[in-house]
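Participant: Chains D and S supply the protein sequences, listed in that same order.
Take 1 as the starting number for the first sequence in this note's numbering and just add one per residue.
Take 1 as the starting number for the second sequence in this note's numbering and just add one per residue.
Using N, Cα and C, we set each Cβ at its ideal position, and we do this for glycine too.
Predicted model, so just to flag it, every value in this text is computed and none were measured.
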Amino acid sequence: GAGVSQSPRYKVAKRGQDVALRCDPISGHVSLFWYQQALGQGPEFLTYFQNEAQLDKSGLPSDRFFAERPEGSVSTLKIQRTQQEDSAVYLCASSSDGYTDTQYFGPGTRLTVL
Amino acid sequence: GNSVTQMEGPVTLSEEAFLTINCTYTATGYPSLFWYVQYPGEGLQLLLKATKADDKGSNKGFEATYRKETTSFHLEKGSVQVSDSAVYFCALRGGDQGGKLIFGQGTELSVKP
């Protein structure tokens with residue numbers, strides 16, 4: 001595709017609900033990253049995939065957060081039992097090579113937990 | 001661990017003024033350094049990058065030089081335009097921490113006509 005796409009762009013959830021956020025990377029990009037951006041802050045790393053392998057999940061804040069990329073293309077970030085502190089913009093980025101190439105960011109999903 | 005610190009905003013300038021946004025970093029190994037920009041309503045875009053000491057990244061009139069001796073990567077532009085109004089993020093990619101980016105907190109720039 002022309003760029004990284006994410007859906008939905010906006011999501012409102014009631015506390016305790018589960019949510020799923022989708023990322024479509026640039027076609028052919030091997031590496032995919034998820035970041036969380038709180039209001040007024042810089043993005044913070046959550047997790048990294050190379051193809052379908054999740055190589056780094058050190059940034060996931062709790063076991064309520066789970067990410068997958070089963071076929072090495074589309075990725076889903078799932079948050080179970082959402083809490084108010086989960087409210088943030090969730091950014092996805094892809095690159096042809098996670099170690100050296102430029103990361104291209106999607107527009108993000110703004111999650112608001114009420 | 002690795003970290004990035006950038007000057008707090010908001011920064012307000014008049015059109016054609018000189019811009020400096022300070023960025024310093026702490027890192028082990030040999031990081032690559034980046035400036036990303038986020039225009040209103042848009043996603044993060046790479047503005048420029050430098051991958052080794054003394055490299056200068058440049059794009060759209062913006063420049064930044066990788067200074068290992070002062071662990072800095074300050075962003076500069078000689079003459080800003082209203083269209084440069086955005087949030088600017090300094091970031092590093094650590095040589096020993098895989099491909100993840102570590103961002104500063106962002107600096108909002110507002111340019112007035």
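Which residues, in chain order, does the region 41-74 of chain D contribute to contact with chain S at a C-beta distance below 8 Å?
Facilitator: Correct list: Q41, G42, P43, E44, F45, Y48, L55, D56, G59.
Participant: Using a Cβ-Cβ cut-off of 6 Å (strictly less than) and excluding sequence neighbours within five positions of S:Y39, which residues of its own chain qualify?
Facilitator: Same-chain partners within the cutoff: A86.
Participant: Going by C-alpha distance, which of D:K78, D:A2, D:A67, D:S27 is nearest D:F49?
Facilitator: When each option's Cα is compared against that of D:F49, the closest is D:A67.
Participant: 8 Å is my cut-off, CB to CB: does S:F103 come that close to chain D?
Facilitator: At least one chain D Cβ lies under 8 Å of S:F103.
Participant: For a quick check, are the C-beta atoms of D:T95 and D:S5 less than 8 Å apart?
Facilitator: Just to set this straight, residue 95 of chain D is Ser in the shown sequence, not Thr. Contact flag unset, no.
Participant: Opposite S:I102 in the DSSP bridges: which residues?
Facilitator: Its beta-bridge partners are S:L92.
Participant: Taking a cut of 9 Å between CB atoms, which residues from the region 42-74 of chain S lie near chain D?
Facilitator: Cβ contacts with chain D: E42, G43, L44, Q45, L46, K49, T51.
Participant: Can you tell me which of D:R110, D:Q36, D:D101, D:L21 puts its alpha carbon nearest to the alpha carbon of S:F103?
Facilitator: Comparing Cα positions, the closest option is D:Q36.
Participant: What residues in its chain sit with their C-beta under 7 Å from that of D:D97, if we drop five residues either side in the sequence?
Facilitator: So the qualifying residues of the chain are V30, S31.
Participant: Express the C-alpha separation of D:L55 and D:I26 in angstroms, rounding to a whole number.
Facilitator: Approximately 19 Å between the Cα atoms of the pair.
Participant: Less than 8 Å between CB atoms is the rule here; does S:G106 satisfy it with respect to chain D?
Facilitator: Yes, its Cβ sits closer than 8 Å to a Cβ of chain D.
Participant: Can you find a C-beta in chain S that's less than 8 Å from the C-beta of D:L91?
Facilitator: So, interface residue.
Participant: Should D:G116 be flagged as near chain S, meaning a C-beta pair shorter than 8 Å?
Facilitator: The structure shown does not extend to residue 116 of chain D, since chain D is modelled only from 1 to 114, so the question has no answer here.
Participant: For D:S75, which beta-bridge partners are listed by DSSP?
Facilitator: The partner list for D:S75 (beta bridge, DSSP) reads D:C23.
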